[in-house]
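Chemist: First residue of the sequence shown? That's 11 in this note's numbering, and the numbers climb one at a time after it.
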Amino acid sequence: MKAEIHPEYHETTFVCACGNKVDVRSTVKDLHIEICSACHPFFTGKQKLVDSAGRIEKFTRKYQKAKEAKEARVAKEAPVKESAPN
Ligand SMILES: [Zn+2]
Numbered sequence: 011m012k013a014e015i016h017p018e019y020h021e022t023t024f025v026c027a028c029g030n031k032v033d034v035r036s037t038v039k040d041l042h043i044e045i046c047s048a049c050h051p052f053f054t055g056k057q058k059l060v061d062s063a064g065r066i067e068k069f070t071r072k073y074q075k076a077k078e079a080k081e082a083r084v085a086k087e088a089p090v091k092e093s094a095p096n
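(1) How big is the Cα-Cα spacing for residue 25 and residue 49?
(2) Write down the C-beta distance between residue 46 and residue 34 rounded to the nearest angstrom, noting that I regard them as a contact closer than 8 Å.
(3) Which residues are close to ligand 1, meaning CB closer than 5 Å to any heavy atom, in chain order?
(4) Closest to residue 20 by C-alpha separation, out of 51, 44 and 40, would be which residue?
(5) At what residue ranges does the stretch 62-87 contain a whole run of the alpha helix (DSSP H), taking only runs of 4 or more?
Written out as structure tokens, the structure reads:
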């Protein structure tokens, strides 16, 4: 191994959002993860929404707003005639 080009590799603990702790060796220290093999649906065999940061809800809200805006615009405007490209 060449000297002074490799990162430090030490024992550390990954802590999952479900409370599970995994002792590993890594170059990073005390990592907090969202999902692990103890709670991932693939390993548990149970259907579960993986949405710890509220992303699905955020997405739904965003597109609900866009849909409402489009409906309001369509209601306001007269039907647009299809024009042939020049
Ligand atoms: Zn977990």
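Don't be surprised by glycine CBs; every beta carbon is placed ideally from N, CA and C.
Modeler: Quick look at the numbers:
(1) 12 Å
(2) Not confirmed; about 11 Å, so no contact.
(3) Here the residues come out as 26, 28, 30, 46, 48 and 49.
(4) 40
(5) With a minimum length of 4 residues, the continuous alpha helix (DSSP H) runs that stay inside the stretch 62-87 are 65-86.
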